[in-house]
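Undergrad: Chains as they are written, first to last, in the working numbering: chain A, -4 to 209; chain B, -4 to 209. Glycine residues also receive a C-beta, built at the ideal position from the N, C-alpha and C atoms.
Protein chains: 2
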Amino acid sequence: MRADARRNRERLLAAARAVFAEHGIDAPMATVARRAGVGVATLYRHFPTREALVRGAFARQMETCGRALGDALAADDPWTGLTHLVETVCALQREERGFPAAFLDAFPETREEHARSREQAERDLTVLVRRAQASGALRPDFHPSDLVVALVAHCGLVAALPDDPRASRRLVAYLLQSFRAAPPTAPLPPPSGLTLRGLPLTPEGGGSRTPRRS
Amino acid sequence: MRADARRNRERLLAAARAVFAEHGIDAPMATVARRAGVGVATLYRHFPTREALVRGAFARQMETCGRALGDALAADDPWTGLTHLVETVCALQREERGFPAAFLDAFPETREEHARSREQAERDLTVLVRRAQASGALRPDFHPSDLVVALVAHCGLVAALPDDPRASRRLVAYLLQSFRAAPPTAPLPPPSGLTLRGLPLTPEGGGSRTPRRS
DNA sequence: GCCTCAACGGACGATCTCGTCCGCTTGCCA
DNA sequence: TGGCAAGCGGACGAGATCGTCCGTTGAGGC
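(1) What residues from the segment 147 to 174 of chain A come within 7 Å of chain B, judged by C-beta to C-beta, listed N to C?
(2) Tell me residue 133(A)'s beta-bridge partners as DSSP assigns them.
(3) Quick check on residue 104(A): does DSSP put it in helix, strand or coil?
(4) Is the CB of residue 72(A) under 9 Å away from at least one CB in chain B?
(5) Rounded to whole angstroms, what's the CA-CA distance from residue 2(B) to residue 91(B)? Just pull it up for me.
(6) Look at the Cβ atom of residue 50(B), then the Cβ atom of residue 97(B), and state whether they are nearer than 9 Å.
(7) Could you tell me how far apart the beta carbons of residue 184(B) and residue 164(A) are, in whole angstroms, since I believe they sit closer than 8 Å?
(8) Quick one, which of 167(A), 143(A), 131(A) has its alpha-carbon nearest residue 176(A)'s?
(9) Can you check which of these residues, 48(B), 138(B), 112(B), is closest to residue 23(B) by C-alpha distance?
(10) Rounding to the nearest angstrom, what Cα-Cα distance links residue 154(B) and residue 166(A) in this structure?
(11) Hey, would you say residue 66(B) sits closer than 9 Å to residue 83(B), going by beta carbons?
(12) Short of 7 Å in beta carbon distance, which residues of its chain neighbour residue 88(A), apart from the five on each side in sequence? Order them along the chain.
(13) Around the Cβ of residue 118(A), are there at least 16 other Cβ atoms within 10 angstroms (buried) or fewer (exposed)?
(14) In terms of alpha-carbon separation, which member of 139(A), 142(A), 189(A), 161(A) lies closest to residue 188(B)?
(15) Counting only beta-carbon separations shorter than 9 Å, does residue 201(B) have a partner in chain A?
(16) Look up residue 91(B) in the DSSP assignment and say whether it is helix, strand or coil.
(17) Which runs of the alpha helix (DSSP H), 4 residues or longer, sit entirely within the segment 39 to 89 of chain A?
(18) Just to confirm before moving on: does the CB-CB distance between residue 140(B) and residue 73(B) stay below 9 Å?
(19) Identify the continuous alpha helix (DSSP H) that holds residue 151(B) and give its terminal residues.
(20) What does a CB cutoff of less than 8 Å around residue 81(A) pick up in its chain, not counting 5 residues either side in sequence?
(21) So which residues of chain B does residue 139(A) contact, with C-beta pairs closer than 9 Å?
(22) Among the candidates 101(A), 123(A), 122(A), 11(A), whose CA atom is the shortest distance from the CA of residue 42(A)?
(23) Let me know the secondary structure DSSP gives residue 35(A) once reduced to three states.
(24) Considering only C-alpha positions, which residue in the set 5(B), 20(B), 64(B), -3(B) is nearest to residue 100(B)?
(25) Under the three-state reduction of DSSP, which class applies to residue 22(B): helix, strand or coil?
(26) Beta-carbon separation of residue 8(A) and residue 64(A) under 9 Å?
(27) To the nearest angstrom, how far is it from the Cα of residue 85(B) to the Cα of residue 69(B)?
(28) Looking at chain B, is there any beta carbon in it that lies within less than 9 Å of the beta carbon of residue 130(A)?
(29) So what's residue -1(B) in DSSP terms, helix, strand or just coil?
(30) Can you find a C-beta in chain A that's less than 9 Å from the C-beta of residue 10(B)?
(31) Measuring only the C-alpha atoms, how far is residue 104(A) from residue 15(B)?
(32) Report the residue from 4(B), 136(B), 18(B), 54(B) whose alpha carbon sits nearest the alpha carbon of residue 34(B).
(33) Closer than 6 Å by C-beta to residue 53(A): which residues in its own chain qualify, once you throw out the five before and the five after it? Chain order, please.
(34) Anyone know if the C-beta pair for residue 122(A) and residue 133(A) falls short of 9 Å?
(35) Alpha carbon to alpha carbon, how far is residue 59(B) from residue 138(A)?
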């Protein structure tokens, strides 16, 4: 790859993050190109689709999410691991503007290519949850899919209120406290059964569709 | 108003709900008109802006949300009232497809016209929270803005996963349990201080902007 | 230093959506 | 029943975005 091509690629990614943060991930491709100081053709040459650009722009964040699950499993105390996992992912969503939208966009459908690593992540999460329950810190009726529910809800919150880190922190605190085992609570409704499809808890986990808001 | 005009208006509202549910509230106006079996001009005559159409389509839901706060205040037990409030609003978001997006769209900025009734709602909510805390059921560090946080987060969840009522119910249950006063929990981060601006907890509360996703 | 081709840029046609304009239709009152 | 104005429909021009095509440029191997 020629030096100028590499340079332009980096410029495009930085411009994409800036533009997505400011105008949302539906911002015109031409805006990103202009911000990067290149022509549209160059943008399309490097990233043939908007999805490829989004994926490229937030690749680092996706990877961080992916590592977070591994770190959580490796932690001495499973509850601490789970807590760190939730806080890491939520902090990322809070801090990188366009990321929550990319995260949500990535969620609903993902190519089957990454099915293998997703299944692994799924198993890891199950193990983490079981261990945390066995340690007595996590409530016994917690279901792995509850983590997905929590992350998607938090994601929706920061997408709606990107200027309010306090709201995010507050929600995370409430959720983590309600996950904690406590003596006598009312039974929960049945778990949602959501899987990790597309959730970037695995390093490759990225999205494919570009759904409109519902 | 002529009979055919009234009929068309109703048709348009029904079509709008159907189309918004299926394609999101950004669906082309022409699609709504076609679904209603009328021309675009008729649509624009009845609803000059997309916002007016959205507002009209979900007016009943907005009103229900508005009443819910009054009902909560009137309830014998304030905790029961608060619980009903949250469950009513969340059930509405869960059941009417396009409503969560409309709700979120309505949120960030609202005309100052309704400032008065919003302030009233704000006061009502504060009273409700104080009463529930005095009764011992609501945790003392709960802040009225936490209700906004919870509703927006739930809204984001159902907007992202409109086909999964179980996820919604699960989140609501976790949140309500974490709001409940319990002996010894870690201190929460500072409250977000969000207000009810635009949240349709007051009968007139509707939105004005059409923000893109962030 | 020269030459070649990878890489560039921006114009352009296609597509989509918006909101208005204007001639026609029809409900309703006298 | 007749007339008229409220109401209707669809064509249309403006504006925005997409993604491609093609002539030009300059990076890097020799």
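TA: Let me lay it out:
(1) So the list reads 147, 148, 149, 150, 151, 152, 154, 155, 156, 157, 159, 161, 162, 164, 165, 166, 168, 169, 170, 172, 173, given in the order they occur along the chain.
(2) For this step, residue 133(A) is matched to residue 138 along the first sequence. Partner(s): 175(A).
(3) Counting from 1 along the first sequence, the entry for residue 104(A) is found at position 109. Confidence at residue 104(A) is low in this model, with a pLDDT of 49, below 50, so the placement of that residue should be treated as unreliable; the coordinate-derived value is given next. Assigned with DSSP and collapsed to three states, residue 104(A) falls in coil, not helix or strand.
(4) Locating residue 72(A) in the first sequence gives position 77, where the first residue counts as 1. False, the Cβ-Cβ gap to chain B never drops below 9 Å.
(5) Your numbering for residue 2(B) matches position 7 in the second sequence. Your numbering for residue 91(B) matches position 96 in the second sequence. Roughly 22 Å between the two C-alpha positions.
(6) Sequence index remark: in the second sequence, residue 50(B) carries index 55 (1-based). Sequence index remark: in the second sequence, residue 97(B) carries index 102 (1-based). Between residue 50(B) and residue 97(B), the gap from beta carbon to beta carbon is short of 9 Å.
(7) Along the second sequence, one-based indexing puts residue 184(B) at 189. Along the first sequence, one-based indexing puts residue 164(A) at 169. Right, the Cβ-Cβ distance comes to about 4 Å (below 8 Å), so this counts as a contact.
(8) Locating residue 176(A) in the first sequence gives position 181, where the first residue counts as 1. For the set 167(A), 143(A), 131(A), the Cα lying nearest the Cα of residue 176(A) is the one of 131(A).
(9) The count along the second sequence starts at 1 and reaches residue 23(B) at position 28. The residue among 48(B), 138(B), 112(B) with its C-alpha nearest the C-alpha of residue 23(B) is 48(B).
(10) Your numbering for residue 154(B) matches position 159 in the second sequence. Your numbering for residue 166(A) matches position 171 in the first sequence. Straight-line Cα distance between these residues: approximately 18 Å.
(11) Numbered from its first residue, the second sequence carries residue 66(B) at position 71. Numbered from its first residue, the second sequence carries residue 83(B) at position 88. Between residue 66(B) and residue 83(B), the gap from beta carbon to beta carbon is short of 9 Å.
(12) Residue numbering aside, residue 88(A) sits at position 93 when the first sequence is read from its first letter. Around residue 88(A), the same chain offers 94, 95, 98, 149, 150, 153 as residues with beta carbons nearer than 7 Å, after the five sequence neighbours per side are excluded.
(13) The residue you call residue 118(A) lines up with position 123 of the first sequence. Classification of residue 118(A): exposed, given that the 10 Å Cβ count is below 16.
(14) The residue given as residue 188(B) occupies position 193 in the second sequence. The shortest Cα separation from residue 188(B) among 139(A), 142(A), 189(A), 161(A) belongs to 161(A).
(15) By one-based count along the second sequence, residue 201(B) stands at place 206. Low confidence applies to residue 201(B): its pLDDT is 39, below 50, so where it sits in the model is not reliable, and the reading given next is rough at best. No, because no Cβ of chain A sits closer than 9 Å to the Cβ of residue 201(B).
(16) Within the second sequence, numbered from 1, the residue matching residue 91(B) stands at position 96. Residue state, collapsed to three classes: coil.
(17) Qualifying alpha helix (DSSP H) stretches, in chain order: 45 to 52, 54 to 69.
(18) As a position in the second sequence, residue 140(B) is number 145, starting the count at 1. As a position in the second sequence, residue 73(B) is number 78, starting the count at 1. Their beta carbons are not under 9 Å apart, which means residue 140(B) does not touch residue 73(B) by this criterion.
(19) The residue labelled residue 151(B) in the question sits at position 156 within the second sequence. Here the alpha helix (DSSP H) through residue 151(B) covers 139 to 155.
(20) Here the question's residue 81(A) lines up with position 86 in the first sequence. Excluding positions up to five away in sequence, the list reads 142, 145, 146, 167, 170, 171.
(21) Taking the first sequence and counting its residues from 1, the one referred to as residue 139(A) is at position 144. The CB of residue 139(A) never comes closer than 9 Å to any CB in chain B; the least such distance is about 12 Å.
(22) For this step, residue 42(A) is matched to residue 47 along the first sequence. The residue with the shortest Cα to Cα distance from residue 42(A) is 11(A).
(23) If you number the first sequence from 1, residue 35(A) lands on position 40. Secondary structure at residue 35(A): helix, using DSSP grouped into helix, strand and coil.
(24) As a first step, residue 100(B) is located in the second sequence; it is residue number 105 there, counting from the start. Closest option to residue 100(B), judged by alpha-carbon separation, among 5(B), 20(B), 64(B), -3(B): 20(B).
(25) Within the second sequence, numbered from 1, the residue matching residue 22(B) stands at position 27. For residue 22(B), the three-state secondary structure derived from DSSP is coil.
(26) On the first sequence, position 13 is the one that residue 8(A) refers to. On the first sequence, position 69 is the one that residue 64(A) refers to. No, the Cβ-Cβ distance between residue 8(A) and residue 64(A) is not below 9 Å.
(27) By one-based count along the second sequence, residue 85(B) stands at place 90. By one-based count along the second sequence, residue 69(B) stands at place 74. Taking the straight line from one Cα to the other gives about 20 Å.
(28) Position 135 of the first sequence holds residue 130(A). By this cut-off, residue 130(A) is not an interface position.
(29) The count along the second sequence starts at 1 and reaches residue -1(B) at position 4. Here residue -1(B) sits in helix by DSSP.
(30) For the purposes of this step, residue 10(B) is identified with residue 15 of the second sequence, where counting begins at 1. No, its Cβ sits nowhere closer than 9 Å to a Cβ of chain A.
(31) The residue labelled residue 104(A) in the question sits at position 109 within the first sequence. The residue labelled residue 15(B) in the question sits at position 20 within the second sequence. Confidence at residue 104(A) is low in this model, with a pLDDT of 49, below 50, so its placement is unreliable and the value that follows should be read with caution. Taking the straight line from one Cα to the other gives about 21 Å.
(32) Counted from its first residue, the second sequence places residue 34(B) at position 39. With distances taken between Cα atoms, residue 34(B) lies closest to 4(B).
(33) If you number the first sequence from 1, residue 53(A) lands on position 58. Contacts found: 94, 97.
(34) Here residue 122(A) is taken as the residue at index 127 of the first sequence, counted from 1. Here residue 133(A) is taken as the residue at index 138 of the first sequence, counted from 1. Not in contact: residue 122(A) and residue 133(A) (Cβ atoms no closer than 9 Å).
(35) Along the second sequence, one-based indexing puts residue 59(B) at 64. Along the first sequence, one-based indexing puts residue 138(A) at 143. Distance between the alpha carbons of residue 59(B) and residue 138(A) is about 32 Å.
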